[in-house]
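Chains as they are written, first to last, in my numbering: chain A, -14 to 108; chain B, 588 to 865. From the three backbone atoms N, C-alpha and C, an ideal C-beta is built for every residue, glycine too. Just so it is clear, the structure is predicted and the values come from calculations on it, not from any experiment.
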Amino acid sequence: MFSDRTRLWQTGSWRNPMKSRTIHLPILSVVPGMALALPITDHAGRTLFAAGTELDAEMLDRLNKRGVESLAAQIIDARDTETIAQELLAAELRVRKIFRGAGSPARDALQAAILRHREEGAR
Amino acid sequence: MSAPSLDELLGHADALPALPEIVHHVMNSLKDEEADVDTLVHHINTDPVIVSRLLAAANASAFGLSVRVDSARQAFMVLGQNRVVSIILATALIGRYDSPTAEFDSRELWRHTLGVATCARALAERFDFSPETAFTGGLLHDIGKLLMRTAAPAAYAEVLYLQQTEDVPAMTAELAVFGYDHAAAGSRLATTWNLPHEIAEAIAAHHKPDDYSSELGDLIHVANVLSHALELGDPPDKRVPDLSERACASLGLSWPNFAARFGEIEARYQGIRLLLGI
Chain A
-14 MFSDRTRLWQ TGSWRNPMKS RTIHLPILSV VPGMALALPI TDHAGRTLFA AGTELDAEML
46 DRLNKRGVES LAAQIIDARD TETIAQELLA AELRVRKIFR GAGSPARDAL QAAILRHREE
106 GAR
Chain B
588 MSAPSLDELL GHADALPALP EIVHHVMNSL KDEEADVDTL VHHINTDPVI VSRLLAAANA
648 SAFGLSVRVD SARQAFMVLG QNRVVSIILA TALIGRYDSP TAEFDSRELW RHTLGVATCA
708 RALAERFDFS PETAFTGGLL HDIGKLLMRT AAPAAYAEVL YLQQTEDVPA MTAELAVFGY
768 DHAAAGSRLA TTWNLPHEIA EAIAAHHKPD DYSSELGDLI HVANVLSHAL ELGDPPDKRV
828 PDLSERACAS LGLSWPNFAA RFGEIEARYQ GIRLLLGI
């Protein structure tokens, strides 16, 4: 706990607790005013909207009509470090529980990928 | 109490409503490069349940900007082909085979199959398969469970009891009670329904892909395990099944690379559930 606080203070995050985090949302759940956490590209890899773009209703309508089903949005992260630590621990226990029992090396590799994904989601 | 043999079970296939014509039309039009939107819209218009679901989905996607959508053709323009096909197939299947009972929650089964279908589509996009065939294979992969439960409810209640008390996979419990599993039953049903051979084979292969030589079977197998791992529509604490080393290698799959799409897959799954209202 103490070391977490020290690290946050050193990175400056402690002084600015209103950090942001990335969440993936179905396009129907995106609210105008949300900002993109990751760029949106077309099939040819051309950037349609850059990361950081604030989306309005017209942009969302255009993306929806282009068949974009989901996007990564930036939201304010109001959680304190203790809550984040609890969520990280819960995520690890959950992954261990559903991957109980022995499996192939491919299943082990999937478990490692899911654990990293859950940790990134909880951070 | 004795469970029916596989042939006897197939004799009860009429216990399930016939596969709607629209599913065959969609699958044929996806294979036919000449097929156009008008032909598909013509077939959609013969099924009022699907038309109303498409209109509801298109109007829900309006962000308060677009004019009201009141035809299947307009819905096509608003939603795009991928989502229209997903909604048609899922509505056609879920709407007709949705009969929850105290022992067996078919909504839970459909939420799981939507999860597998979403993973299958994402894998297909990455590994150059037909996304729609993969989505359909995902939706139908557990259809054998529905037939076994509908045609032999008492025997299937025994399967569910065994699964819960022994913490064993469904197919182990099915083999113990029926002498065959839902993959075999589903594959035979798909053949009876005249679905494409690759889908029937993929259904047969989805738990034991190494016993078959089915590329789509490899993909549906991986999609099924991934869907369990991401807990898309799973009952709580369901164990992630084993994953074939060979199927992953055959697809050229690297989990550290593909993991970048996990968040997108979860969001797309939530999106299709929102559109379908399940």
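If we cut at 8 Å on Cβ distances, does residue i have a partner in chain A?
| i | result |
| --- | --- |
| R855 (chain B) | yes |
| L861 (chain B) | yes |
| R670 (chain B) | yes |
| A662 (chain B) | no |
| A772 (chain B) | no |
| A846 (chain B) | yes |
| A711 (chain B) | no |
| A777 (chain B) | no |
| A600 (chain B) | no |
| A647 (chain B) | yes |
Would residue i count as contacting chain B if we go by Cβ distances under 8 Å?
| i | result |
| --- | --- |
| G86 (chain A) | yes |
| I25 (chain A) | no |
| H28 (chain A) | no |
| R101 (chain A) | yes |
| K4 (chain A) | no |
| A42 (chain A) | yes |
| A98 (chain A) | yes |
| W(-1) (chain A) | Since pLDDT at W(-1) (chain A) reaches only 42, below the 50 mark, its modelled position is unreliable, and no value is offered. |
Using a cut-off of 9 Å between C-beta atoms, extract the partners of residue i located in chain A.
| i | result |
| --- | --- |
| E851 (chain B) | H9, E54, S55, L56 and A57 |
| G858 (chain B) | L10, P11, I12, L13, S14, E54 and S55 |
Measuring only the C-alpha atoms, how far is residue i from residue j?
| i | j | result |
| --- | --- | --- |
| S(-12) (chain A) | V812 (chain B) | Confidence at S(-12) (chain A) is low in this model, with a pLDDT of 40, below 50, so its placement is unreliable and the value that follows should be read with caution. Taking the straight line from one Cα to the other gives about 38 Å. |
| A600 (chain B) | A704 (chain B) | 23 Å |
| A112 (chain A) | E43 (chain A) | Nothing can be reported for residue 112 (chain A): it is not among the residues displayed for chain A, which extend from -14 to 108. |
| D93 (chain A) | I674 (chain B) | 34 Å |
| W842 (chain B) | R79 (chain A) | 19 Å |
| R103 (chain A) | E853 (chain B) | 12 Å |
| D594 (chain B) | A20 (chain A) | 57 Å |
| G725 (chain B) | A810 (chain B) | 8 Å |
| R31 (chain A) | R708 (chain B) | 22 Å |
| L782 (chain B) | L776 (chain B) | 9 Å |
| G773 (chain B) | V654 (chain B) | 43 Å |
| T26 (chain A) | F849 (chain B) | 17 Å |
| L734 (chain B) | L727 (chain B) | 12 Å |
| H699 (chain B) | V827 (chain B) | 13 Å |
| I807 (chain B) | I69 (chain A) | 35 Å |
| N615 (chain B) | G858 (chain B) | 26 Å |
| S658 (chain B) | Y856 (chain B) | 25 Å |
| L23 (chain A) | L40 (chain A) | 12 Å |
| D62 (chain A) | H815 (chain B) | 28 Å |
| G820 (chain B) | V53 (chain A) | 22 Å |
| T(-9) (chain A) | Q59 (chain A) | Bear in mind that the predicted position of T(-9) (chain A) carries a pLDDT of just 36, short of 50, making it too unreliable to give a figure here. |
| M758 (chain B) | N669 (chain B) | 32 Å |
| R694 (chain B) | P822 (chain B) | 11 Å |
| L862 (chain B) | C706 (chain B) | 17 Å |
| L33 (chain A) | S717 (chain B) | 25 Å |
| G766 (chain B) | V755 (chain B) | 15 Å |
Kindly give me the distance between the Cβ atoms of residue i and residue j, rounded to whole angstroms, as I take these residues to be in contact under 8 Å.
| i | j | result |
| --- | --- | --- |
| L666 (chain B) | A644 (chain B) | 6 Å |
| S55 (chain A) | E851 (chain B) | 5 Å |
| S800 (chain B) | A789 (chain B) | Actually they are not in contact, since the Cβ atoms of S800 (chain B) and A789 (chain B) sit about 11 Å apart, beyond 8 Å. |
| A107 (chain A) | L73 (chain A) | 5 Å |
| A91 (chain A) | E753 (chain B) | A91 (chain A) to E753 (chain B), Cβ: 25 Å. No contact. |
| H769 (chain B) | K795 (chain B) | Wrong, their Cβ atoms sit about 12 Å apart, outside the cutoff. |
| T779 (chain B) | L597 (chain B) | 6 Å |
| I681 (chain B) | I637 (chain B) | Contact flag wrong, Cβ pair sits at about 11 Å. |
| L95 (chain A) | L830 (chain B) | 6 Å |
| A846 (chain B) | R101 (chain A) | 7 Å |
| G839 (chain B) | F714 (chain B) | 7 Å |
| A662 (chain B) | L696 (chain B) | The Cβ separation is near 27 Å, so there is no contact. |
Can you pull the DSSP bridge partners for residue i?
| i | result |
| --- | --- |
| A57 (chain A) | A:H9 |
| L21 (chain A) | A:A58 |
| F34 (chain A) | A:I25 |
| K4 (chain A) | A:D62 |
| E39 (chain A) | A:A20 |
Give the interface partners of residue i over in chain B, defined as CB-CB distance under 8 Å, in chain order.
| i | result |
| --- | --- |
| L95 (chain A) | V812, L813, A816, V827, L830 and W842 |
Give the residues of chain A in contact with residue i, contact being defined as C-beta atoms less than 7 Å apart.
| i | result |
| --- | --- |
| C835 (chain B) | A91 |
| A757 (chain B) | In chain order: nothing, as chain A lies at least about 15 Å away. |
Could you work out which residues of chain A lie near residue i, taking near to mean beta carbons separated by less than 8 Å?
| i | result |
| --- | --- |
| D824 (chain B) | K82 and I83 |
| V665 (chain B) | N49 and K50 |
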